[in-house]
Every structure is written in structure tokens, then in C-alpha cells.
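Read in order, the letters of the sequence shown correspond to residues 147 to 375 in the numbering used here.
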Amino acid sequence: MSGIKTFNYCCCASAIETLNHTGIVQPPWKARPVLCIVVVACGNRQPLLGQLCGFSFDSLTKIPYLFKPFQSGFPQYLSGADLVEKTTRFFRTTDIPQKWHLVNADGQTLGRVASKVAHLLRGKHKPEFTPNADMGDFVVVVNAAKVKMTGKRTELKEYFHYTGYPGGATFEKYQELIRKKPEWVFEEAVKGMLPHNRLGRQIIKKLKVYGGAEHPHVAQQPAAYTIQN
147 MSGIKTFNYC
157 CCASAIETLN
167 HTGIVQPPWK
177 ARPVLCIVVV
187 ACGNRQPLLG
197 QLCGFSFDSL
207 TKIPYLFKPF
217 QSGFPQYLSG
227 ADLVEKTTRF
237 FRTTDIPQKW
247 HLVNADGQTL
257 GRVASKVAHL
267 LRGKHKPEFT
277 PNADMGDFVV
287 VVNAAKVKMT
297 GKRTELKEYF
307 HYTGYPGGAT
317 FEKYQELIRK
327 KPEWVFEEAV
337 KGMLPHNRLG
347 RQIIKKLKVY
357 GGAEHPHVAQ
367 QPAAYTIQN
């Protein structure tokens with residue numbers, strides 16, 4: 147007969163008794179499932195299920211470990227693993243909307259502002275954060291040329307680059323690089339705080355760094371993100 151489905155459920159009698167008396171059901175870890183309910187529903191099973199059990203269907207939906215469907219023709223016993231509610235969810239990139247943030251690096255310490263930007267790019271500020279997915283937002287950084295370093299790092303910090311050929315090793319001072327290409331200096335600081343794999347290379351593409359105060363992403367309407375130094 148089309149449109150008719152059969153649902154087999156087994157539950158613990160102690161759990162039913164606790165619900166009827168107190169309205170609260172604790173996980174019946176040591177209870178034995180002695181009650182079997184066979185429900186035949188056509189389209190909507192809510193009224194029939196609530197009528198058989200003696201209480202509303204809404205109260206049953208709040209107790210995920212009370213009922214368990216099974217395929218065989220006889221009741222199954224609930225194990226300890228079945229009574230544990232699995233609440234951990236893993237999201238995909240398309241499940242979470244991505245926002246745009248605007249960060250003003252003027253007067254900020256390079257390491258501190260870079261760590262905050264990496265936090266936004268990674269998506270760790272979201273409750274849906276999934277380690278193996280790109281869950282972060284887009285970040286626009288302006289005034290990257292006006293970042294500062296603490297202590298004597300401004301004079302002592304150097305960047306090393308090797309071309310792979312003999313004699314191709316070069317050292318460049320931070321003072322020179324921040325003057326010539328501040329965008330590269332900021333991107334390198336953030337890149338070192340992201341995963342060093344294919345996911346990290348994908349995440350860094352959402353970072354837009356500009357040495358001055360102007361940026362071409364006005365159409366995206368990035369929201370200002372304040373960083374306490």
C-alpha cells in the first residue's frame with residue numbers, strides 16, 4: 147500500500163516511567179528495553195505516536211536517546227553507545243556564509259594584528275569551525291606600511307630567501323622591505339600562522355593587503371574590525 151510506512155521503536159520502561167512522573171528523562175544507562183511500539187503512519191506519524199505513548203510527540207523529539215528504530219522483526223536492546231547523544235557536527239564551506247572584514251593596521255604591532263587576521267581567515271571565531279574546511283572570512287588590511295615592531299626587531303629582523311642556485315641566498319632587512327613592499331611583509335607574517343598545506347594556500351587567497359588607506363573592495367562592504375593593541 148503506497149504512502150504507508152511502518153516504524154518499529156523500542157524504549158526503556160524506566161525512561162517512560164520517569165518521564166510520566168517528573169517530566170525529565172535521564173539516560174537509562176542500566177535499564178533494559180522491555181517496551182516495543184509498532185507504529186503505522188500514513189504521511190504524518192506525529193498524532194498516532196503521541197496517542198500510543200500517552201504524551202505529546204513534541205516531548206519525545208527532545209529525547210533523542212529514548213527511541214531507536216530497528217530493521218528486524220523483534221525488539222533490540224539499547225547499548226551504551228546508542229544512549230550517547232552524538233552532537234558533534236562537521237560543516238562544509240558552502241554551509242556557512244563568508245563575511246568581509248576591514249582591518250586598519252596603522253600603529254598596530256605586526257605579530258599581534260597578523261594573529262588576529264589569521265584567526266578570521268581560519269574561521270576559528272565561528273561556532274561551526276571545522277578544521278579540515280575553509281570556514282573563514284575575507285579580510286581587507288589597509289595601512290600595512292604603518293605597522294610597528296617591538297623592541298629592536300625593527301633593526302635586527304631579517305628575511306631569508308634562497309633561489310635554489312649556487313650563490314642565490316639573500317638576506318633583506320625588515321626596514322628595507324617594509325618600505326619597498328609592505329604588503330608582502332604582512333602576508334608573510336599571516337602565512338606563517340596558517341596551515342602549511344593546500345588548505346593554507348587556499349585560505350591566504352582571501353587576504354587582501356594594501357599599504358595605504360585605500361582599497362578597491364568597497365562593493366563588498368567590509369565591516370570594520372577593531373583590534374585592541
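Glycine is no exception: its CB is placed at the ideal position from the N, C-alpha and C atoms.
Within the same chain, His-271 come within 7 angstroms of His-265 by CB-CB distance, once the 5 residues on both sides are set aside.
Rounded to whole angstroms, the separation of the alpha carbons of Ala-251 and Glu-334 is 15 angstroms. Counted as a single uninterrupted DSSP element, the alpha helix (DSSP H) harbouring Phe-332 occupies residues 328–337. Residue nearest to Asp-241 within the set Gly-346, Lys-327, Ile-373 and Gly-269 is Gly-269 (criterion: CA-CA distance). Going by beta carbons, Val-263 and Val-336 fall inside the 7 angstroms limit. Under DSSP, Phe-284 takes part in a beta bridge, and its partners are Trp-246. In this structure, Ala-290 sits near Val-355, with a CB-CB distance shorter than 7 angstroms. Under the criterion of beta carbons closer than 8 angstroms, His-363 and Trp-246 qualify as touching, at roughly 7 angstroms.
A direct Cα-to-Cα measurement between Glu-322 and Gln-254 gives close to 19 angstroms. Residue environment for Pro-273: exposed (fewer than 16 other C-beta atoms within 10 angstroms of its C-beta). With respect to Glu-304, Lys-319 sits close: the two C-beta atoms are nearer than 7 angstroms. CA-CA distance, Leu-302 to Phe-317, rounds to 12 angstroms. For Thr-296, the CB contacts under 7 angstroms within the same chain, skipping 5 residues up- and downstream, are Thr-255 in chain order.
The bridge partners DSSP lists for Leu-353 are Val-285. Annotation: Leu-267 to Trp-330 spans about 17 angstroms, alpha carbon to alpha carbon.
Excluding the 5 residues flanking it on each side, Met-339 has same chain C-beta neighbours closer than 8 angstroms at Ala-260, Ser-261 and Ala-264, in chain order.
Listed in chain order, the non-local C-beta contacts of Ala-359 below 6 angstroms within the same chain comprise Val-288 and Asn-289, local neighbours out to five positions each way being set aside. Rounded to whole angstroms, the gap between the alpha carbons of Leu-345 and Phe-236 is 16 angstroms. Just measuring C-alpha positions, the residue of Phe-275, Gly-257 and Thr-234 sitting nearest Pro-243 is Phe-275. When the Cα atoms are used, His-361 and Lys-352 turn out to be separated by approximately 14 angstroms.
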